[in-house]
Amino acid sequence: MQWTFRSLVCLTLASIVLACAPVQQPPPGTMVPVTDVKLLSGKWVGTLIDGANMGAPAQVVINPDGTYNARFGDTSATGTVAPQPSGQIAFTMTSATGFLSLADSDSASTATLYDRGGTRVLVGSGRAGFYQNPFSWQVTEQK
Numbered sequence: 011m012q013w014t015f016r017s018l019v020c021l022t023l024a025s026i027v028l029a030c031a032p033v034q035q036p037p038p039g040t041m042v043p044v045t046d047v048k049l050l051s052g053k054w055v056g057t058l059i060d061g062a063n064m065g066a067p068a069q070v071v072i073n074p075d076g077t078y079n080a081r082f083g084d085t086s087a088t089g090t091v092a093p094q095p096s097g098q099i100a101f102t103m104t105s106a107t108g109f110l111s112l113a114d115s116d117s118a119s120t121a122t123l124y125d126r127g128g129t130r131v132l133v134g135s136g137r138a139g140f141y142q143n144p145f146s147w148q149v150t151e152q153k
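The sequence shown lines up with residues 11 to 153 when you count with my numbering.
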């Protein structure tokens, strides 16, 4: 009886430890280095997550000339897109409406292009507004 009780305690503890172990997240896809923003031109749709972990629908249109127009929630922004030596893409806001229009400083983010089985996805993060609040976003190319 004592052996059964000890076995039960050991199994319970092992279950708790294993349940609390971090789950290995699958990679977000295969990274695709970007050397020319023309390869990204088109409409991308997804979600923007703010610092309070609140999501808002996001839409980004990247133009072949290296400019973009973005809309998320009640805010819209325009700016430039430039490839980086790392293969990532830098987005620099030059104007905005909504809560970002009150910002005294430009907002910027960096994104990585991933291929997920033939679907192209941009995954990015950055800082916005006067207080440089963090945000993240993910948009999928619309064909």
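Beta carbons: idealized from backbone N, C-alpha and C, even for Gly. Quick caveat, the model's predicted, so the values are computed rather than measured.
Ranked by Cα distance from TRP54, the first of SER105, VAL44, ASN79 is ASN79.
Shown here, LYS153 sits in coil according to DSSP, grouped into three states, outside any helix or strand. Per DSSP, the beta bridge partners of ASN143 are ALA138. Contact between the segment 120-138 and the segment 99-108 is present: three or more C-beta pairs spanning the two stretches fall below 8 angstroms.
For VAL44, the three-state secondary structure derived from DSSP is coil.
The C-alpha of SER146 is placed about 9 angstroms away from the C-alpha of ARG137.
About 6 angstroms separates the beta carbon of GLY52 from that of ILE72, a gap short enough to meet the 8 angstroms contact definition.
A straight line joining the alpha-carbon of GLY128 with that of THR40 spans about 10 angstroms. Shown here for GLY76: same chain residues with a beta carbon closer than 7 angstroms to its own, the five before and five after excluded, namely VAL47, THR90, VAL91, ALA92 in chain order.
Under the criterion of beta carbons closer than 8 angstroms, GLN148 and GLY65 do not qualify as touching, at roughly 10 angstroms.
Out of PRO67, LEU50, VAL42, VAL44, the CA that lies nearest to the CA of LYS153 is found in LEU50. In the three-state reduction of the DSSP assignment, GLY89 falls in the strand class.
Looking only at LEU132, GLN142, PRO67, ASN143, the smallest Cα-Cα distance to GLU151 is reached by LEU132.
For GLY108, the number of other beta carbons within 10 angstroms of its own is below 16, and it is reported as exposed.
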